[in-house]
Amino acid sequence: MPPKTATKRKRASRKAKPKTKGLEALDCKLEISAEPLREVVTRVQKQGGAIVGSCRDPLGGSPLAIAVLPVDSIEPTPFQRDLSEAHHKKLAGVIEKTGTYLDPIISVPAPNGGFWTPNGRHRLEAMRRLGAKAITTLIAPNTELAWQILALNTEKAHNLKERSLEVARIYRGLIDEDNSATGLRPCGGSEPKPSLH
320 MPPKTATKRK RASRKAKPKT KGLEALDCKL EISAEPLREV VTRVQKQGGA
370 IVGSCRDPLG GSPLAIAVLP VDSIEPTPFQ RDLSEAHHKK LAGVIEKTGT
420 YLDPIISVPA PNGGFWTPNG RHRLEAMRRL GAKAITTLIA PNTELAWQIL
470 ALNTEKAHNL KERSLEVARI YRGLIDEDNS ATGLRPCGGS EPKPSLH
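If you're matching positions, the sequence shown starts at 320 in my numbering and goes up one per residue.
Encoded structure:
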């Protein structure tokens, strides 16, 4: 009989002591005119939107703007998973039934104007399906946040194929972003074709 080997236990992350991280509630105040938000405020106004609030993220202190934007000024990031028809139709039904939209999408400034949503594609499409003119969004001026959110959202993909496609899109997007910064042409290419087997 082979000797038993000890199985490695995954170490759980330690739980932080209560109330030891981040900012106090009153320290989260941030004026709309604050320097870190100036470009976002200008872009929102150019898109025909309205800034309705601003604050600092209570954990990391990052500046955030709350805005209502025309639905046509926001697009999903080009490298996230495909839209689920069933999911966005179901969301549209729930939003229509309640008559209220309470779950703002997350958005970041897009490279060529407008905004991208790395987290909110299905809510955005549900609002479009309902014929909404505008949508509420929480805007992070830091576009790097889009990549971090998408990396976390890869875990939400329903199957291995979707996860693989999303990772490939993120990778291609990062290469294209790096190439545009250095003046090289984008990698482009077609999307990986699913196997028929």
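Every residue gets a Cβ at the ideal spot worked out from N, C-alpha and C, and that includes glycine.
By the 10 Å Cβ neighbour count, where 16 or more other Cβ atoms means buried, how is residue i classified, buried or exposed?
{"i": "Ser332", "result": "exposed"}
{"i": "Glu521", "result": "For residue 521 there is no data in the structure shown, the boundaries of the chain being 320 and 516."}
{"i": "Leu383", "result": "buried"}
{"i": "Gly368", "result": "buried"}
{"i": "Pro430", "result": "exposed"}
{"i": "Thr339", "result": "exposed"}
{"i": "Thr436", "result": "buried"}
{"i": "Lys373", "result": "It is worth fixing the name first, because residue 373 is Ser in this sequence and not Lys. It is buried - the Cβ of Ser373 has at least 16 other Cβ atoms within 10 Å."}
{"i": "Asp495", "result": "buried"}
{"i": "Leu276", "result": "The structure shown does not extend to residue 276, since the chain is modelled only from 320 through 516, so no value can be given for it."}
{"i": "Ala465", "result": "buried"}
Is residue i helix, strand or coil by DSSP?
{"i": "Thr456", "result": "strand"}
{"i": "Leu515", "result": "Residue confidence for Leu515 is low, a pLDDT of 43 falling below 50, so the modelled location carries little weight and cannot support an answer."}
For the putative contact between residue i and residue j, defined by C-beta atoms under 8 Å, what is the C-beta separation to the nearest angstrom?
{"i": "Arg442", "j": "Leu402", "result": "Not confirmed; about 11 Å, so no contact."}
{"i": "Arg375", "j": "Leu349", "result": "5 Å"}
{"i": "Pro397", "j": "Gly492", "result": "7 Å"}
{"i": "Gln366", "j": "Pro389", "result": "6 Å"}
{"i": "Leu378", "j": "Gly432", "result": "With a Cβ gap of about 30 Å, Leu378 and Gly432 do not count as contacting."}
{"i": "Arg447", "j": "Lys408", "result": "Actually they are not in contact, since the Cβ atoms of Arg447 and Lys408 sit about 12 Å apart, beyond 8 Å."}
{"i": "Ile425", "j": "Ile468", "result": "7 Å"}
{"i": "Arg371", "j": "Val387", "result": "It is Val, not Arg, that sits at residue 371 in the sequence shown. About 6 Å separates the two Cβ atoms, so the contact holds."}
{"i": "Asn461", "j": "Ser381", "result": "7 Å"}
**Study point:** the segment 387–399 / the segment 444–464 touching (three or more Cβ pairs under 8 Å)
**Key:** yes
Exercise for review: Output the residue ranges of the beta strand (DSSP E) runs that lie fully inside the segment 390–474 and measure 3 residues or longer, sorted by chain position.
Suggested key: Runs of the beta strand (DSSP E) inside the segment 390–474: 393–395, 424–428, 434–438, 453–458.
Review point. How about the segment 419–427 and the segment 360–369: do they share at least three Cβ pairs that are nearer than 8 Å?
Key: Not touching, per the Cβ criterion.
Review point. Mind pulling the beta strand (DSSP E) runs of 3 or more residues that sit fully within the segment 363–388?
Key: 369–375
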